[in-house]
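Novice:
In the working numbering, the protein residues as written are 7 to 497.
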């Protein structure tokens, strides 16, 4: 009973913080300050019909139910979460449809983003489900840490979703009988989030930046040092935890054999998915856009990804699927919950966007880092990244719609404010915060939910929404993120 009361108390504290962010974001957005033309570019005009503050309540209520459902009313939540998510999303969509100028266009853009999102993660989920990796060793601190580091590396090639789905099952198998909640948590920290910070393929925010004009290898050149510092600290902490589980003994470290991989043909499907990522008019000049040609909410990229998912599932070895205990429940949960999240967070993101653009001259590198990070933990990190990226560009008098200006911004421009940091540092802070802070909650990044679901189906001890936050992400990640701020972004 005492633990349940503690969970509820911390839940309400967390929700208070979330509402506080929303209210302050809205108030700041409404409070447009005059900017001297001699120091910075004029602030963009805020539309008169921006969403009201109360329209954020569906998002807050959805967040409440995601947090409390599995804990307080598990059976009811498992049966009805699709209705809850779609219902809250529909409330916001109806308001935009009937009461917001250009609301139809906003909803269309959001639906396109959702389809792109679900096409990528579902194709990676299905393709990786047809690959069976068997590691003929018992889990130990050294072997587990090596596997997590390997996952962090390949996350930059096949994305955090691909790496998570490929490795979570073999990771659980080699630790059968000694698997604890922290094993799953550190997997989410390292493989599902922070590992994919070095390339645009690794995590959706970075890919959106690439589509806008950020050079492909810019991320690697600027983020590698924070990546190494964070990964090293997390792996050392993980090995300390894992060694304690072994009571100081490195059990099972001896080799019993190598690594066997079944379902090798699915790597061809995986290559198709990764290649399809780049089939975009923003990347390949003159590439056809189905959205513009036929007014469809998806493009050739999404068609290929959905097609690959269907083909990979039909061609998969049934014995491999059975060995992986493959089913569609994890992707179903992500699809339903995130359609609600995408819809209900529209007003929150608009208010954040207004605030970032209109107050860009007041936002230092430190504020961009912490605001981008905090909001990436409770909102989808990709659109949060774009909104603060646009705000940082506005600080330098640049437009997010111009690839040439974005390339100049990434290359390094002097701030119009004397004594301020260069544009490169602003973009680095936003990029690191969007990717790293996505590990703060289960909703910060889609693979988090998928890994949680797969582990729960295997009857592994998985922390609930609030336990994940107060027991693991806040005490472990926040000190590391604070250290990163001191070392790299304290400007």
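For each residue, glycine too, the CB sits at the ideal point set by N, CA and C.
Residue 386: buried (16+ other C-beta within 10 angstroms of its C-beta) or exposed?
Specialist: The residue in question, residue 386, is buried, as its Cβ has 16 or more Cβ neighbours within 10 Å.
Novice: Out of 417, 449, 184, 484, which one is the CA nearest neighbour of residue 429?
Specialist: The option with the nearest alpha carbon to residue 429 is 417.
Novice: Beta carbon of residue 88, beta carbon of residue 139: below 8 Å?
Specialist: Not in contact: residue 88 and residue 139 (Cβ atoms no closer than 8 Å).
Novice: Rounded to the nearest angstrom, what separates residue 109 and residue 102 at their Cα positions?
Specialist: Near 5 Å, if we compare the C-alpha coordinates of residue 102 and residue 109.
Novice: When you compare each of 495, 432, 474, 485 to residue 186 by their alpha carbons, which one comes out closest?
Specialist: Nearest C-alpha to residue 186: 474.
Novice: Mapping DSSP to helix, strand and coil, what is residue 197?
Specialist: DSSP places residue 197 in coil when its eight states are reduced to three.
Novice: May I ask you to report which of helix, strand or coil DSSP gives residue 385?
Specialist: Coil.
Novice: Measure the C-alpha to C-alpha separation of residue 353 and residue 96 and round it to an integer number of angstroms.
Specialist: Approximately 13 Å, taken between the alpha carbons.
Novice: Report the three-state DSSP secondary structure of residue 441 (helix, strand or coil).
Specialist: Residue state, collapsed to three classes: helix.
Novice: Measure the C-alpha to C-alpha separation of residue 481 and residue 487 and round it to an integer number of angstroms.
Specialist: Distance between the alpha carbons of residue 481 and residue 487: 11 Å.
Novice: Assign residue 495 to one of three DSSP states: helix, strand, or coil.
Specialist: Helix, per DSSP.
Novice: What's the C-alpha gap between residue 239 and residue 384?
Specialist: Their Cα atoms are separated by approximately 24 Å.
Novice: DSSP three-state call for residue 140: helix, strand or coil?
Specialist: If DSSP states are grouped into helix, strand and coil, residue 140 belongs with the strands.
Novice: For residue 334 and residue 246, what's the separation of their Cα atoms in angstroms?
Specialist: Cα to Cα, the separation comes out at about 35 Å.
Novice: How close, in whole Å, do the beta carbons of residue 162 and residue 204 come, if the pair is a contact with beta carbons under 8 Å?
Specialist: Right, their Cβ atoms sit about 5 Å apart.
Novice: If you pair each beta-carbon of the region 451-461 with each one of the region 114-131, do three or more pairs fall below 8 Å?
Specialist: Judged by Cβ distances under 8 Å, the region 451-461 makes contact with the region 114-131, as three or more pairs qualify.
Novice: According to DSSP, is residue 268 part of a helix, a strand, or is it coil?
Specialist: Three-state DSSP puts residue 268 in a strand.
Novice: For residue 397, collect the residues of the same chain with a Cβ closer than 6 Å to its Cβ; drop the 5 residues on either side in sequence, then sort them by chain order.
Specialist: Cβ within range, chain order: 362, 363, 366.
Novice: CB residue 198 to CB residue 170, shorter than 8 Å?
Specialist: Cβ distance < 8 Å, so residue 198 and residue 170 count as in contact.
Novice: Is residue 219 closer than 8 Å to residue 206 when the C-beta atoms are compared?
Specialist: It is not a contact, given that the beta carbons lie outside the stated cut-off.
Novice: According to DSSP, simplified to helix, strand and coil, what is residue 454?
Specialist: Helix.
Novice: So for residue 459, helix, strand or coil by DSSP?
Specialist: Here residue 459 sits in helix by DSSP.
Novice: Buried or exposed: which applies to residue 244, given that a residue is buried once 16 or more other Cβ atoms fall within 10 Å of its Cβ?
Specialist: When all chains shown are included, residue 244 counts as buried.
Novice: Does the beta carbon of residue 191 fall short of 7 Å from some heavy atom of the ligand ADP?
Specialist: Within the structure as shown, the ligand ADP is missing, as the structure has no ligands at all.
Novice: Can you give me the C-alpha to C-alpha distance between residue 524 and residue 420, rounded to a whole angstrom?
Specialist: Absent from the model: residue 524. The displayed extent of the chain is 7 to 497, so no value can be given.
Novice: Do residue 449 and residue 72 count as a contact pair if the criterion is CB distance below 8 Å?
Specialist: Against a cut-off of 8 Å, the Cβ pair of residue 449 and residue 72 comes out as a contact.
Novice: Measure the alpha-carbon distance for residue 427 versus residue 211 and round it to whole angstroms.
Specialist: Cα-Cα distance, rounded: 22 Å.
Novice: Can you say whether residue 325 is buried or exposed, counting buried as having 16 or more other CB atoms within 10 angstroms of its CB?
Specialist: Exposed.
Novice: Assuming residue 420 is part of the alpha helix (DSSP H), what are its boundary residues?
Specialist: Counting along the chain, residue 420 falls outside any alpha helix (DSSP H), and DSSP gives it neither H nor E.
Novice: Is it the case that the Cβ atoms of residue 208 and residue 166 are separated by a distance below 8 Å?
Specialist: The answer is yes: Cβ separation under 8 Å.
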